[in-house]
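Trainee: So in this note's numbering, the last one in the sequence shown is 53, and the numbering has no gaps at all.
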Amino acid sequence: MSLHSYSKCWLHLIWGTLNREPLIATRETRKEVSEYLYEYSTSKKI
């Protein structure tokens, strides 16, 4: 019988503005924000 157990927890986060109003207007800005969040999370290993 094993004394340790392992599990994974996957999170899928979705957020939006009040009344779903657009916050980031241009497609280019959305791409930059997405790339930044990806690089940040990769560097923090999250």
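Where is the CB? At the ideal position from N, CA and C, for every residue including glycine.
Note that the structure is a prediction, hence the values are computed from the model and not measured.
1. What is the rounded straight-line gap between the Cα of N26 and the Cα of E35?
2. Please go through the same chain and pick out, in chain order, the residues whose beta-carbon is closer than 6 Å to the beta-carbon of H19, but skip the five residues on each side of it.
3. From what residue to what residue does the alpha helix (DSSP H) around Y45 run?
4. Using the three-state DSSP reduction, which class does L18 fall into: helix, strand or coil?
Mentor: Looking at the atomic coordinates:
1. In a straight line, the C-alpha of N26 is about 23 Å away from that of E35.
2. The answer is none, since no qualifying residue turns up.
3. Element bounds for Y45: R34 to S50.
4. Annotated three-state conformation of L18 is coil, per DSSP.
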